[in-house]
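Chemist:
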Amino acid sequence: MLAGCGGPKADLTINPANFSQPDPIPVRTASSQYRIGALDRFQMTVFRAPDLSGEYIVEPSGLVQFPLIGEVQVAGRTSTELAALLSRLYSQRYLRDPNIAVKMLQTTTQLVTVGGSVNSPINFELIGETQLLQAVTRAGGTNASANRRRVVVLRKIDGVQQAAGFDLARIEEGLDPNPTIYPGDVVVVDGSQLRQALRDVLTAIPLVGLFTRVF
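Here this note's numbering = 1-based position in the sequence shown + 1.
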């Protein structure tokens, strides 16, 4: 993503004050084996109980609030598995032999990229809420050349690629908040083994101690 950058004046907007939620990810259709993720939208149909039927959007935490039964963790389940779980939960107190169907309406591409000075650069699919420390851990942690005090998150906001830098050491010590990572984010860990052009770009991005907590 940054491989073609020629120096600090890369095509990035360095504006941490407005480093908020990313733009919506384009939707795609889901197969029967698709596992539900955050921000997905689905239809629950409860036959013979239309008042309980409705459309739902999965929260970033992977939870959904359903009538009567309350919050249910839906992220990580297929639509068939979720229908079976909901049938069981409703049958415990509210419905006799419920017949429930779940149909995916919109799904998002939940991929996050972690690269730079990490042991195992990775693209992985988000399920539920994930923070920066967890994302770096998924990439095998930082390697020996890493500059743990400069980790950059790239994110598209209002159609513009923006960036914010974070001090991983301070986050681990509890001195700075551990920021939320969203689908489509790219995390780059600075380090001596990076190409000089990329290192210049990362160095030009000021560190911020936290995201603006509007999400």
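C-beta atoms are modelled at their ideal positions from N, C-alpha and C, and glycine is treated no differently.
Give the secondary structure of Ile37 by DSSP, where H, G and I count as helix, E and B as strand, and everything else as coil.
Modeler: coil
Chemist: Rounded to whole angstroms, what is the Cα-Cα separation between Leu1 and Val75?
Modeler: For the chain, the structure presents residues 2 to 216; residue 1 sits outside this window and is missing.
Chemist: In angstroms, rounded to a whole number, what distance separates the CA positions of Leu203 and Val73?
Modeler: 40 angstroms
Chemist: Val153 and Val113: beta carbons closer than 7 angstroms?
Modeler: The answer is no: Cβ separation not under 7 angstroms.
Chemist: For Arg78, does the three-state DSSP call read helix, strand or coil?
Modeler: coil
Chemist: Note down, in chain order, each residue of its chain lying with its Cβ closer than 8 angstroms to the Cβ of Ser54, except the 5 sequence neighbours on either side.
Modeler: Gln44, Met45, Thr46 and Val47.
Chemist: What does the alpha-carbon distance come out to for the pair Val65 and Leu87?
Modeler: 11 angstroms
Chemist: Roughly how many angstroms separate the alpha carbons of Gln132 and Glu82, rounded to a whole number?
Modeler: 27 angstroms
Chemist: Measuring CA to CA, which of Glu56, Gly71, Gly77 and Arg49 is closest to Arg36?
Modeler: Comparing Cα positions, the closest option is Gly77.
Chemist: Pull the bridge partners of Arg156 from the DSSP assignment, please.
Modeler: As DSSP reads the structure, Arg156 sits in a beta bridge with Gln163.
Chemist: Examine the Cβ distances between the stretch 138-151 and the stretch 116-126 and report whether three or more of them are shorter than 8 angstroms.
Modeler: yes
Chemist: DSSP puts Glu72 in a beta bridge; with which residues?
Modeler: Looking at the DSSP output, Glu72 shares a beta bridge with Gln66.
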